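Visitor: Pasting a structure here, questions to come.
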Amino acid sequence: MVENLISMLIFVGPSGVGKSTLANEFLRTFPSKFSFSISHTTRSLRGNEVDGKHYYFITKEQMKEKIENNEMLEFDEVHSNFYGTSKSEIERITKNGQISIMDVSIKGAINLKKSDFKSFSIFLLPPSFEELERRLRGRRTESDEKINERLENAKKEIEFSEKNPQHFDQILVNDDLKISYKKLKEILLEKFGKQFNFFEKN
Numbered sequence: 002m003v004e005n006l007i008s009m010l011i012f013v014g015p016s017g018v019g020k021s022t023l024a025n026e027f028l029r030t031f032p033s034k035f036s037f038s039i040s041h042t043t044r045s046l047r048g049n050e051v052d053g054k055h056y057y058f059i060t061k062e063q064m065k066e067k068i069e070n071n072e073m074l075e076f077d078e079v080h081s082n083f084y085g086t087s088k089s090e091i092e093r094i095t096k097n098g099q100i101s102i103m104d105v106s107i108k109g110a111i112n113l114k115k116s117d118f119k120s121f122s123i124f125l126l127p128p129s130f131e132e133l134e135r136r137l138r139g140r141r142t143e144s145d146e147k148i149n150e151r152l153e154n155a156k157k158e159i160e161f162s163e164k165n166p167q168h169f170d171q172i173l174v175n176d177d178l179k180i181s182y183k184k185l186k187e188i189l190l191e192k193f194g195k196q197f198n199f200f201e202k203n
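Residue numbers (this note's numbering): 2 to 203.
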């Protein structure tokens, strides 16, 4: 059955499961059809980050004002900093005739589903917990303590998805990028028909 057009393609899942890699595959292959939704954050810029490209960097006072004025579709506080998606960002992308791609927390995904913008959310699972740990340790960018923290969070997130599958439109095991990418294209084409006809050309 073909449903109404969607404005947001939401990727959810534990750290290291491949959310960004899969999202970037859609952005790279179809740059005129998809656009990455830039989040607002109250944390400071890091390294070579650019305001308006990596994040919209704002103060906590500005974020609180946006929340009070119902300008944020979803927001969450992580390590004393706020992150969130604004209505204006999704409107900007939609006006360009593109679909917003986003990588958010479980809480963020649930709140986005309540918005006026139609979305399709995918919870990505690792093929096994051991494989997830292998991927995280393979990055060699974080301390054991940080990796263990991510693994603990991953257990909770995976458990939540198993107990509450109704919060997600699709649960997909991401074992191989090419297979997951192909499968997701097929699912979107089947559910939303002509909105994703451009998949057939690639």
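Where a beta carbon is used, it is the ideal one built from N, C-alpha and C, also for glycine.
Everything numeric in this text was worked out from a predicted model, so none of it was measured.
For residue 200, which beta-bridge partners are listed by DSSP?
Guide: For this step, residue 200 is matched to residue 199 along the sequence shown. Beta-bridge partners of residue 200 (DSSP): none assigned.
Visitor: Got a sec? Which residues, its chain only, sit under 7 Å from residue 2 by beta carbon, not counting five neighbours each side?
Guide: Residue 2 sits at position 1 when you count from the first residue of the sequence shown. In this predicted model, residue 2 has a pLDDT of only 42, less than 50, meaning its place in the structure is not dependable; the value taken from the coordinates is given anyway. Excluding sequence neighbours, residue 2 sits near nothing in its chain.
Visitor: Can you list, in chain order, the residues of its chain with a C-beta nearer than 8 Å to that of residue 113? Leave out the 5 residues immediately preceding and following it.
Guide: To locate residue 113, count along the sequence shown from 1; it is residue 112. So the qualifying residues of the chain are 9, 11, 74, 75, 86, 103, 105, 120, 122.
Visitor: Buried or exposed: which applies to residue 199, given that a residue is buried once 16 or more other Cβ atoms fall within 10 Å of its Cβ?
Guide: Taking the first residue of the sequence shown as 1, we reach residue 199 at position 198. Exposed: under 16 other Cβ atoms inside 10 Å.
Visitor: Report the option in 143, 92, 124 whose CA atom is closest to the CA atom of residue 164.
Guide: Stepping through the sequence shown from its first residue, residue 164 is reached at position 163. Residue 124 is the option with its Cα nearest to residue 164.
Visitor: Enumerated in chain order, which unbroken segments of the alpha helix (DSSP H) with a length of 4 residues or greater are wholly contained in the segment 65 to 109?
Guide: 88 to 96
Visitor: At the level of alpha carbons, what is the spacing between residue 107 and residue 166?
Guide: Locating residue 107 in the sequence shown gives position 106, where the first residue counts as 1. Locating residue 166 in the sequence shown gives position 165, where the first residue counts as 1. Spanning the two alpha carbons is a distance of roughly 11 Å.
Visitor: Can you list, in chain order, the stretches of the beta strand (DSSP E) that have 3 or more residues and sit fully within the segment 103 to 172?
Guide: 120 to 126
Visitor: Taking the alpha-carbon of residue 46 as reference, which of 169, 34, 59 has the nearest alpha-carbon?
Guide: Counting from one through the sequence shown, the residue named residue 46 turns up at place 45. Nearest of 169, 34, 59 to residue 46, Cα basis: 59.
Visitor: Taking its Cβ as the centre, do 16 or more other Cβ atoms sit within 10 Å of residue 180, making it buried, or is it exposed?
Guide: The residue labelled residue 180 in the question sits at position 179 within the sequence shown. By the neighbour-count rule (16 or more Cβ atoms within 10 Å), residue 180 is not buried but exposed.
Visitor: How close, in whole Å, do the beta carbons of residue 88 and residue 72 come, if the pair is a contact with beta carbons under 8 Å?
Guide: Position 87 of the sequence shown, counted from the start, is the residue given in the question as residue 88. Position 71 of the sequence shown, counted from the start, is the residue given in the question as residue 72. Going by Cβ atoms, the distance from residue 88 to residue 72 rounds to 6 Å, so yes, they are a contact pair.
Visitor: What's the call for residue 175, buried or exposed, on a 16-neighbour Cβ count within 10 Å?
Guide: Within the sequence shown, numbered from 1, the residue matching residue 175 stands at position 174. Classification of residue 175: buried, given that the 10 Å Cβ count is 16 or more.
Visitor: In this structure, how does DSSP classify residue 59 when only helix, strand and coil are distinguished?
Guide: By one-based count along the sequence shown, residue 59 stands at place 58. DSSP places residue 59 in coil when its eight states are reduced to three.
Visitor: If we call anything under 8 Å between Cβ atoms a contact, is residue 91 one with residue 126?
Guide: Within the sequence shown, numbered from 1, the residue matching residue 91 stands at position 90. Within the sequence shown, numbered from 1, the residue matching residue 126 stands at position 125. Result no, Cβ atoms of residue 91 and residue 126 do not sit closer than 8 Å.
Visitor: Counting C-beta neighbours from all protein chains within 10 Å, is the total for residue 185 16 or more, i.e. buried, or is it exposed?
Guide: In the sequence shown, the residue the question calls residue 185 occupies position 184. Under this definition residue 185 is a buried residue.
Visitor: Using only alpha-carbon positions, find the residue among 150, 63, 100 that is nearest to residue 24.
Guide: Looking up residue 24 in the sequence shown gives position 23. The residue with the shortest Cα to Cα distance from residue 24 is 100.
Visitor: Taking DSSP as the reference, what is the three-state secondary structure of residue 36?
Guide: Position 35 of the sequence shown holds residue 36. It is a strand residue.
Visitor: Where does residue 11 fall in DSSP's three states?
Guide: Here residue 11 refers to the residue found at position 10 when the sequence shown is read from its first residue. In the structure shown, residue 11 sits in a strand (DSSP, three-state: E or B).
Visitor: Residue 42 by DSSP, collapsed to three states: which one?
Guide: Residue mapping note: residue 42 aligns to position 41 of the sequence shown, counting from 1. Here residue 42 sits in strand by DSSP.
Visitor: Looking only at DSSP bridge pairs, what is residue 52 linked to?
Guide: In the sequence shown, the residue the question calls residue 52 occupies position 51. According to DSSP, which records beta bridges pairwise, residue 52 is partnered with 56.
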